[in-house]
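Written below as structure tokens is the structure these notes are about.
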Amino acid sequence: MLTKTLKTAPVMLALTAAPAFAENRIDTQLPSAPELAAYGDMPVGVRQLEMVNPGQIDILAIDPAAPKPDTLPTYDRPLTVEMWYPAVAGEEGDTTLKAYLRDGTTEVTLQGRAVRDAAPAASDAAYPLVLISHGYPGNRFLLSHLAENIASKGYVVASIDHTDSTYRTQAAFGSTLVNRSLDQLFVLEEMAKMSADGGDFAGLYDANNTGLIGYSMGGYGAIITAGGGVTQASVEYGWGGPHGTLGIHLAGSDTHNALPDARIKTAVAFGPWGMNTGFWDAEGLGGIKIPMLFIAGSQDDVSLYENGVRAIWENASALPHALLTYENGGHNAGAPMPAPAESYYDNADKGFNISEHYTDPVWDTARMNNIAQHFVTAWMDRELKGDADKGAYLELTENSNDGVWSMNEDGTQKEDHTYWKGFAEGTAKGLRYEVKSGE
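Letter by letter, the sequence shown follows residues -22 to -1, 1 to 417 of mature numbering (1 follows the signal peptide of the UniProt record, and there is no 0).
Structure follows, in structure tokens:
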């Protein structure tokens, strides 16, 4: 995400001192969680991978104030990836994750269900692959609640630490603008090789059947990867890619036209950034080649809503794109994991309470996570697994508050029942789901 710097009132002392017993769970399932948020039947394993993308433009070595060099500097770009996957039953071991907070200095322990380095569970049919791309700054654990959840339902998930864009490596924004989509596609290629080359994960997943999930700047990258091209104006921004390096993603350019990868079948973008700063227009967004689910808060003050995420959805290409809106939710709607207990403190250097990076002023984070898990499961199952039955969870009355609960005594629906499928009575509130089929 792109973080808005705020100064908040001090929080209670009980929250500022992280309790020694804090579990920081990423797997919370509230009683109000919709049906498809529930974990699947498969145990989950998790493993750390290290990748290096050779010969990439070294954005940080380019001085935007100096003349453009005759030859752009390059370097071998390192990327750390966390991989969640279906594991064999009965595996025991460490189920914690070590992650840094938004402050970039505090390391905390997260508690989930995935067993570190568990043996993968083979399947008659290879699992779909899903890539996850965090915000600016972020890290590969920010959406760990979603990664672990869908892995339990028969997906292999690769969540990327984007160099120059993590809490520990945050650097010039131009690197994120230029590299985000390139990182996503490189990790796809490396994952494809790993599945094909043998070893523990040989044949476990099908990289030719891949979905992409991005949050904020990860959503920006997902749009580019899906075929959306940026504007000429954004290529020329002095604070963007130095010396026109963002031009590789310019709408209509040869480099961008060659970018989309047919192995990626669909994408989900939480609060995608860029419409609010002129990176997108109808021409560029018309290049999107795959169906996308956009997820946003109606009060997003980072990517914006009416003139931000909603405008992206409205201008996207003629495909069945959908928009899920958390009414009165902010930029953190659905994507970040619950705030770790250690994050509840005012950081003088950052100028805000670190917990704000994860929380929402209105919505409970676990509640938002459960709703996101439900919709992402339905969307990916339909698009990647060809599960037509999941379409019923995506054919909804537009405003959840308008849904009518009308059931017979035997549990069957009456003709006037229009309540959101998968939500228990009284729980489908404050949400909107719209589908734009295109022209």
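We put the CB at the ideal spot given by N, CA and C, even for glycine.
For a minimum of 4 consecutive residues, which ranges assigned as the alpha helix (DSSP H) are wholly contained in the stretch 352 to 409? The stretch 352 to 409 contains no whole alpha helix (DSSP H) run of 4 or more residues.
Measure the C-alpha to C-alpha separation of L(-10) and W251 and round it to an integer number of angstroms. Here L(-10) scores only 36 on pLDDT, less than 50, and its place in the model should not be relied on; the value that follows carries that caveat. Using only the alpha carbons, I get a separation of about 35 Å.
Report the rounded CA-to-CA distance for P316 versus F257, giving the unit in angstroms. Whole-angstrom Cα-Cα distance: 30 Å.
Would DSSP call W291 helix, strand or coil? Per DSSP, reduced to three states, the secondary structure at W291 is helical.
Do you know how far the Cα of D338 is from the Cα of N331? Counting only the Cα atoms, D338 lies some 12 Å from N331.
Please report how far the alpha carbon of Q210 lies from the alpha carbon of N325, in whole angstroms. Going from the Cα of Q210 to the Cα of N325 covers about 38 Å.
As assigned by DSSP and simplified to three states, the class of D324: Strand at D324.
Option in T49, M195, L409 with minimal Cα separation from S159: Measuring from the Cα of S159, the nearest candidate turns out to be M195.
In this structure, does DSSP put V246 in helix, strand or coil? Strand at V246.
May I have a chain-ordered list of the beta strand (DSSP E) segments no shorter than 3 residues that lie completely inside the stretch 78 to 160? Contiguous beta strand (DSSP E) elements confined to the stretch 78 to 160 occur at 85 to 89, 105 to 111, 134 to 139, taking only those with 3 or more residues.
Starting from the Cα of V22, find the closest Cα among D259, S10, W62 and give me that residue. Closest option to V22, judged by alpha-carbon separation, among D259, S10, W62: W62.
Cut-off 8 Å between Cβ atoms - residues of its own chain near T343, not counting five sequence neighbours on either side: Around T343: N310, P314, M315, P316, A317, Y336, T337.
Roughly how many whole angstroms lie between the Cα atoms of E60 and M385? Rounded to the nearest angstrom, the two C-alpha atoms are 44 Å apart.
When you compare only the Cα positions, how much space is there between L124 and S111? Their backbone Cα atoms lie some 12 Å apart in a straight line.
My assumption, with CB atoms under 8 Å, is that A65 sits in contact with V93. Please give the rounded CB distance. At roughly 6 Å, the Cβ-Cβ gap stays under 8 Å, so A65 and V93 are in contact.
On the criterion of 16 or more Cβ atoms from any shown chain inside 10 Å, does E361 qualify as buried, or is it exposed? Buried, because 16 or more other Cβ atoms sit within 10 Å of the Cβ of E361.
Sequence ranges, beta strand (DSSP E) only - wholly within the stretch 177 to 205, length at least 3: Counting whole runs of 3 or more residues, the stretch 177 to 205 contains the beta strand (DSSP E) stretches 183 to 193.
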